[in-house]
Amino acid sequence: QLSAAGKEGGSKAEVWTQLVESGKLGYMALLRNIRNIHEAGVSQETMKAVCDRIADPKEVAKSKQLPFRFTMAYMIAKELKDSKLIRAVSRAMDASVANLPSIGDNIWIIFDSSGSMRGAGRNPRSKHTGWSHNNAEYTGSALDNACLFAAVLAKASAESMNCKVTHFATRAEMLGFNPDDSVMSIFESFKGNDAGYSTNLDQALRLKSQLGFEPDAVFVISDMQVNMMNGSRIIKDFKNTPSKFALNLGN
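Residue numbers 51 to 301, in the working numbering, belong to the letters of the sequence shown in order.
Next up, the structure:
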């Protein structure tokens with residue numbers, strides 16, 4: 051339709067408006083095209099319709115998309131400096147947390163904030179820091195992705211009895227967060243911390259005694275370029291932890 055509009059002298063704004071108003075665009079197609087719709091110069095009324103649909107919890111539930119699928123749209127909305135679009139995508143991301151399964155009652159989330167995690171997205175075709183070769187997909191740094199995974203898991207654990215978050219590099223620190231905040235607000239708060247450049251996972255695991263609870267699920271999010279650890283002690287400390295997950299963000 052857009053190609054036909056160009057040949058016939060019609061405007062892209064008119065075509066996008068028709069597609070939005072007709073409901074012919076699928077939910078994820080709408081998310082993927084927010085830059086095209088915005089830059090086509092559609093009316094404020096059409097952009098409001100776009101934002102309303104993106105933020106609609108029923109549409110989010112029907113899409114069955116996990117929070118990570120909204121990252122690209124959020125980053126694009128920030129680039130466009132459209133506060134209403136940013137708000138809509140943030141609300142959609144929060145609503146999509148409901149699509150995650152329950153992960154336990156006592157959760158410990160550990161993420162790596164070391165120097166090796168801070169490089170830009172390393173897609174070999176990339177010409178844009180953090181973006182894929184066609185500027186259509188936000189790849190981010192490993193740290194960006196670790197903070198996002200941690201924020202999503204923290205938000206999803208809002209109704210759990212306990213949830214603690216730790217980040218580590220040269221040293222390890224517990225991080226506070228408000229589970230009522232948006233996923234992206236939690237993400238930004240996690241990203242703004244510095245614990246040095248080394249990758250001392252052992253320092254983080256030693257904080258288990260400070261949790262105040264026995265975790266039934268532990269998540270470690272890292273590029274796995276970690277220092278030597280005391281394996282026998284770790285096995286002993288975590289032998290009674292039912293669920294242990296490692297998310298490897300290394301290339």
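Ideal Cβ placement from N, Cα and C applies to all residues, glycine included.
Just so we're clear, the structure is a prediction, and the values are computed from it rather than from any experiment.
- 157 is the residue among 295, 77 and 157 whose C-alpha sits nearest the C-alpha of residue 262.
- For residue 150, same chain residues with a beta-carbon under 7 Å away, outside a window of 5 residues either side, are 116 and 206 in chain order.
- Beyond the five residues adjoining it in sequence on each side, residue 284 comes within less than 7 Å, by CB distance, of 255 in the same chain, given in chain order.
- For the 8 Å CB-CB criterion, residue 124 and residue 97 do not form a contact.
- Contact annotation: residue 198 and residue 224 have beta-carbon atoms that are not nearer than 8 Å.
- Leaving aside the five residues that flank residue 243 on each side, the residues in its chain whose CB is nearer than 8 Å to its CB run, in chain order, 163, 217, 223 and 225.
- When DSSP assignments are scanned along the region 184–259, the uninterrupted stretches of alpha helix (DSSP H) that are 4 or more residues long and fall wholly within it turn out to be 192–206, 233–241 and 251–255.
- DSSP places residue 288 in no beta strand (DSSP E) but in the uninterrupted alpha helix (DSSP H) bounded by 281–288.
- Secondary structure of residue 69 (DSSP, three-state): helix.
- Residue pairing for residue 269: DSSP places it in a beta bridge opposite 159 and 295.
- Residue 118 sits in a helix when the DSSP states are folded into three classes.
- When Cβ pairs closer than 8 Å are counted between the two stretches, the region 121–140 is seen to touch the region 83–94, the count reaching three or more.
- With contacts defined by Cβ atoms closer than 8 Å, residue 99 and residue 138 do not form a contacting pair.
- For residue 112, the enclosing alpha helix (DSSP H) has its first and last residue at 107–113.
- Sequence-distant Cβ neighbours of residue 238 in its own chain, meaning closer than 7 Å and more than five residues away, do not exist here.
- A distance below 7 Å between beta-carbons, with the five flanking residues on each side excluded, links residue 103 to the following residues of its chain, in chain order: 80 and 109.
- The alpha-carbon of residue 69 is positioned some 37 Å away from that of residue 241.
- Annotation: the continuous alpha helix (DSSP H) that includes residue 144 extends over 133–146.
- Annotation for residue 192: 167, 273 and 299 place their beta carbon closer than 6 Å to its own, counting only its chain and skipping 5 residues before and after.
- At the C-beta level, residue 276 and residue 251 come within 8 Å of one another.
- When 113, 202 and 249 are compared, the shortest CA-CA separation from residue 232 is found for 202.
- In the assembly as shown, residue 229 is an exposed residue. Its beta-carbon has fewer than 16 other beta-carbons within 10 Å.
- In the structure shown, residue 275 falls within a coil segment according to DSSP collapsed to helix, strand and coil.
- The beta carbon of residue 270 sits closer than 6 Å to the beta carbons of 160 and 296 from its chain, once the five residues preceding and following it are set aside; these are given in chain order.
- With a beta-carbon spacing of about 5 Å, residue 210 and residue 155 fall inside the 8 Å limit used to define contacts.
- The residue among 259, 114, 196 and 165 with its C-alpha nearest the C-alpha of residue 245 is 165.
- Look at residue 165 here: in three-state DSSP terms it is helix.
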